[in-house]
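Peer 1: In order, the protein sequences belong to chains A and B.
Note that the first sequence covers residues 6 to 244 in our numbering.
Note that the second sequence covers residues 6 to 244 in our numbering.
This is the structure I have questions about; it appears just below.
2 protein chains.
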Amino acid sequence: MNEAVPPRTPEAVEPKTLVEGAYQRLRRDIIEGVHPPGEKLRVEHLKDRYEVGAGTLREALLLLVTDALVVAQGQRGFRVSPISIEDFEDITRTRLLLETEALRQSLQLGGEDWEAAIVAAFHRLSRAEQKLGDNDSLAAEEWERRNRAFHEALIAASPSRWIRHFQHILYQQSERYRRLSLFSHPIPRDIHAEHQALFNACLARDTTRATSILTEHVLRTLDAVKLLPAEFFAGKRKS
Amino acid sequence: MNEAVPPRTPEAVEPKTLVEGAYQRLRRDIIEGVHPPGEKLRVEHLKDRYEVGAGTLREALLLLVTDALVVAQGQRGFRVSPISIEDFEDITRTRLLLETEALRQSLQLGGEDWEAAIVAAFHRLSRAEQKLGDNDSLAAEEWERRNRAFHEALIAASPSRWIRHFQHILYQQSERYRRLSLFSHPIPRDIHAEHQALFNACLARDTTRATSILTEHVLRTLDAVKLLPAEFFAGKRKS
DNA sequence: TCTCCTATAAATCTCGAGAAAAAACCTTGA
DNA sequence: TCAAGGTTTTTTCTCGAGATTTATAGGAGA
Chain A
6 MNEAVPPRTP EAVEPKTLVE GAYQRLRRDI IEGVHPPGEK LRVEHLKDRY
56 EVGAGTLREA LLLLVTDALV VAQGQRGFRV SPISIEDFED ITRTRLLLET
106 EALRQSLQLG GEDWEAAIVA AFHRLSRAEQ KLGDNDSLAA EEWERRNRAF
156 HEALIAASPS RWIRHFQHIL YQQSERYRRL SLFSHPIPRD IHAEHQALFN
206 ACLARDTTRA TSILTEHVLR TLDAVKLLPA EFFAGKRKS
Chain B
6 MNEAVPPRTP EAVEPKTLVE GAYQRLRRDI IEGVHPPGEK LRVEHLKDRY
56 EVGAGTLREA LLLLVTDALV VAQGQRGFRV SPISIEDFED ITRTRLLLET
106 EALRQSLQLG GEDWEAAIVA AFHRLSRAEQ KLGDNDSLAA EEWERRNRAF
156 HEALIAASPS RWIRHFQHIL YQQSERYRRL SLFSHPIPRD IHAEHQALFN
206 ACLARDTTRA TSILTEHVLR TLDAVKLLPA EFFAGKRKS
């Protein structure tokens, strides 16, 4: 029960090179808002923070372009991708387009292994939900990881690597926004109940109900973010 | 009429850095099969061919990871992404999922500018089709460019940047496969007629017909590639 | 002949320094 | 006070060399 050991992320692949290490840490810092949207990412400053050479850090930034968390402009350096309500709406709807299709495929094709995996993922997520609420950032981090694992497990039986790839990118993007909605909770939600209903519908192989619950579930976060004050999206242009 | 001038691609952005230049040339070479699928991309060899330093070439390769044309394995270098029939089927179906949705949005939201743009794009494509068939690789190149422009113009009125972004990646991927189907034409196609029908349906704002024609149009290429001998997909593991 | 181990070769990864470009600053003039 | 022009500073981009890791080749032993 005591998980006091260093909370080394389980599913995070051990970095084999310095570039990968810097990439992983940078990605985490961007998603968590250490580097806010729109911020200029100066190589000369960041190379000290992440303890690598300039060329190495440039490569890490280039890798983050793949995730669309960083944008690069020739001869003008790197920048954290800006955010906006319009962007989050786009992310959400595109993600739903892909994720509901993948879920349909999973429900149709998923076998016993897939079922077992989502049972396990749901259990882990439920446990994390219980530990939540104490304003414990470590627990929130763990919950975020297991929430992602649950959603990815649901669509794991889809044969489409491309859908899963794009879904992964979009989910990562939406994490930046979900962080914002944690500050204020404009819409009261019983997230556990939503997950429970989704889980039940999936085990019952009820495609219509499952996709509909998933859609509602994801759109609810969109609504929550929409109610945030516009200041949250004031991505500074400078520095 | 005489286009003997160096066929500098019009819409290709002039590279501002050496990295971008190497990236563009590498991308072209990979799509055109100069570097076949699965090939190991050794920095020390390629830096001579593309006349840049080793670090610069590494950055160009990292950029190609964004397009999923190159895969990087830590401490084991870079490789051209492999191809397979399963992958192309996945690409095609995912692309249709996104592109039909974007087309629906375009048909609903597109204004006069959008209409004018697809009229122009269709005209340019038709002209390129006329010049085709002489086994002229230059004309084929031009046709490929205008075909892409036509398809992108159709969905240009979609407000979803993410769909357009993913569609761009998938289209790029499918170019590698389309090249294969050019060698042998197992299925006789009147591509111009298909484009014409698609164009007509779009101008008539007939969503159902337009998406259905587009689907048929794209699936036909999938069928053509499926009939190719399996040797085309024998992506060598070595070298 | 096959396997395992070692030695060699090759490739990748990493860093710091110099050249080129962009941004910031400061002076001058109206 | 403001604008314009030029100078300084900062930042990005680029390259080559050294260190580490991986792949290859050769040989000993069974």
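Here a beta-carbon is modelled for each residue, glycine too, at the ideal position from N, C-alpha and C.
#1: Can you list, in chain order, the residues of its chain with a C-beta nearer than 7 Å to that of K231 (chain A)? Leave out the 5 residues immediately preceding and following it.
#2: Start and end of the alpha helix (DSSP H) containing R32 (chain A)?
#3: Buried or exposed, going by whether 16 or more other CB atoms sit within 10 Å of the CB of R47 (chain B)?
#4: Would you say S86 (chain A) faces chain B, with C-beta separation under 8 Å as the test?
#5: Considering R84 (chain B), what are the terminal residues of the beta strand (DSSP E) in which it resides?
#6: Where I192 (chain A) and V124 (chain B) are concerned, what is the direct C-alpha to C-alpha distance, given to the nearest angstrom?
#7: Pick out whichever of A:H200, A:N152 and A:D34 has its Cα sitting closest to the Cα of S86 (chain A).
#8: Out of B:T99, B:E25, B:Q201 and B:G58, state which residue places its alpha-carbon closest to the alpha-carbon of L175 (chain B).
#9: With a threshold of 16 other CB atoms inside 10 Å of the CB of G58 (chain A), please say whether the residue is buried or exposed.
#10: Kindly indicate which residue of A:T71, A:S217 and A:P164 has the alpha-carbon position closest to the one of G116 (chain A).
#11: Determine the DSSP secondary structure at M6 (chain B), reduced to helix, strand or coil.
#12: Within the continuous alpha helix (DSSP H) that includes A126 (chain A), where are the two ends?
#13: Using three-state DSSP, classify V48 (chain A) as helix, strand or coil.
#14: Do you know offhand how far E25 (chain A)'s Cα is from T71 (chain A)'s?
#15: Give, in chain order, every residue of the stretch 59-83 of chain B whose Cβ lies closer than 7 Å to some Cβ of chain A.
#16: Any Cβ of chain A within less than 8 Å of the Cβ of E25 (chain B)?
#17: In whole angstroms, what is the alpha-carbon distance linking V76 (chain A) and T22 (chain B)?
#18: Taking A161 (chain A) as part of the alpha helix (DSSP H), name the residues at either end of that continuous run.
#19: Which residue wins for smallest C-alpha separation from E104 (chain A), given the options A:L51, A:A202, A:G82 and A:F171?
#20: Excluding five sequence neighbours on each side, which residues of the same chain lie with their C-beta closer than 7 Å to the C-beta of N152 (chain B)?
#21: Please report how far the alpha carbon of A27 (chain B) lies from the alpha carbon of I168 (chain A), in whole angstroms.
#22: Could you give the C-beta distance for E149 (chain A) and R84 (chain A), rounded to a whole number, given that I count them as a contact under 8 Å?
#23: What does the alpha-carbon distance come out to for the pair I88 (chain A) and F238 (chain A)?
#24: Between the C-alpha atoms of L114 (chain B) and T212 (chain B), what's the straight-line distance to the nearest angstrom?
#25: Report the partner residues of V76 (chain B) according to the DSSP bridge assignment.
#26: Between which two residues does the alpha helix (DSSP H) containing A229 (chain B) stretch?
#27: Classify Q178 (chain A) as buried or exposed, calling it buried when 16 or more other Cβ atoms lie within 10 Å of its own Cβ.
#28: Is the shortest distance between the beta-carbon of I168 (chain B) and the beta-carbons of chain A less than 8 Å?
#29: What residue does the alpha helix (DSSP H) around R246 (chain B) start on, and which one ends it?
#30: Which residues in the same chain have their Cβ closer than 6 Å to the Cβ of L51 (chain B), if we skip the five residues on either side of it in sequence?
#31: Check whether the Cβ atoms of E37 (chain A) and R184 (chain A) sit closer than 8 Å, and answer yes or no.
#32: Say whether chain A places a C-beta atom closer than 8 Å to the C-beta of K231 (chain B).
#33: Quick check on F245 (chain A): buried or exposed, where buried means 16 or more other Cβ atoms within 10 Å of its Cβ?
#34: Give the range of the alpha helix (DSSP H) segment to which G60 (chain B) is assigned.
#35: My understanding is that C207 (chain B) touches A198 (chain B), with C-beta atoms under 8 Å, so please give their C-beta distance in whole angstroms.
#36: Compute the distance between the beta-carbons of L68 (chain A) and E106 (chain B), then report whether it is under 8 Å.
Peer 2: Result, derived from the coordinates:
#1: Cβ neighbours of K231 (chain A) beyond the five flanking positions: I90.
#2: Under the DSSP assignment, R32 (chain A) falls in the alpha helix (DSSP H) whose first and last residues are L23 to I36.
#3: Only exposed fits R47 (chain B), as fewer than 16 other CB atoms lie within 10 angstroms of its CB.
#4: The C-beta of S86 (chain A) comes no closer than 8 Å to any C-beta of chain B.
#5: Run containing R84 (chain B): F83 to V85, per the beta strand (DSSP E) assignment.
#6: Approximately 47 Å, taken between the alpha carbons.
#7: With distances taken between Cα atoms, S86 (chain A) lies closest to A:D34.
#8: For L175 (chain B), the closest alpha carbon among the candidates B:T99, B:E25, B:Q201 and B:G58 is that of B:T99.
#9: Label assigned to G58 (chain A): exposed.
#10: Answer by Cα proximity: A:P164.
#11: Caution is warranted here: a pLDDT of 41 is assigned to M6 (chain B), below 50, making its placement in the model unreliable, and the coordinate value is therefore given only provisionally. When DSSP states are grouped into helix, strand and coil, M6 (chain B) belongs to the coil group.
#12: Taken as a continuous stretch (DSSP letters only), the alpha helix (DSSP H) holding A126 (chain A) covers E117 to Q135.
#13: Helix at V48 (chain A).
#14: About 13 Å.
#15: Answer in chain order: G60, R63, E64, L67, L68, V70, T71, G79 and Q80.
#16: It does: the Cβ of E25 (chain B) has a partner Cβ on chain A nearer than 8 Å.
#17: Whole-angstrom Cα-Cα distance: 15 Å.
#18: From DSSP, A161 (chain A) is part of no alpha helix (DSSP H); its letter is neither H nor E.
#19: Just measuring C-alpha positions, the residue of A:L51, A:A202, A:G82 and A:F171 sitting nearest E104 (chain A) is A:F171.
#20: Take N152 (chain B), set aside five residues on each side of it, and the residues of its chain with a beta-carbon closer than 7 Å to its own are L130, in chain order.
#21: Cα to Cα, the separation comes out at about 29 Å.
#22: The C-beta distance from E149 (chain A) to R84 (chain A) rounds to 25 Å, too long to meet the 8 Å contact threshold.
#23: Distance between the alpha carbons of I88 (chain A) and F238 (chain A) is about 6 Å.
#24: Computed Cα separation, rounded: 12 Å.
#25: For V76 (chain B), which the question treats as bridged, DSSP gives the partners B:R84.
#26: Here the alpha helix (DSSP H) through A229 (chain B) covers T212 to K231.
#27: By the 10 Å Cβ count, Q178 (chain A) comes out buried.
#28: I168 (chain B) counts as touching chain A.
#29: Within the shown structure, residues of chain B are numbered from 6 to 244, placing residue 246 (chain B) beyond reach of any answer.
#30: Counting only Cβ-Cβ distances below 6 Å, and skipping sequence neighbours, we find L62.
#31: One thing to note: E37 (chain A) has its Cβ within 8 Å of the Cβ of R184 (chain A).
#32: By this cut-off, K231 (chain B) is not an interface position.
#33: Because chain A spans 6 through 244 in this model, residue 245 (chain A) falls outside it and cannot be assessed.
#34: From DSSP, the alpha helix (DSSP H) with G60 (chain B) extends over A59 to T71.
#35: Not quite, the Cβ-Cβ distance comes to about 15 Å (not below 8 Å), so this is no contact.
#36: Remark: C-beta atoms of L68 (chain A) and E106 (chain B) do not approach each other more closely than 8 Å.
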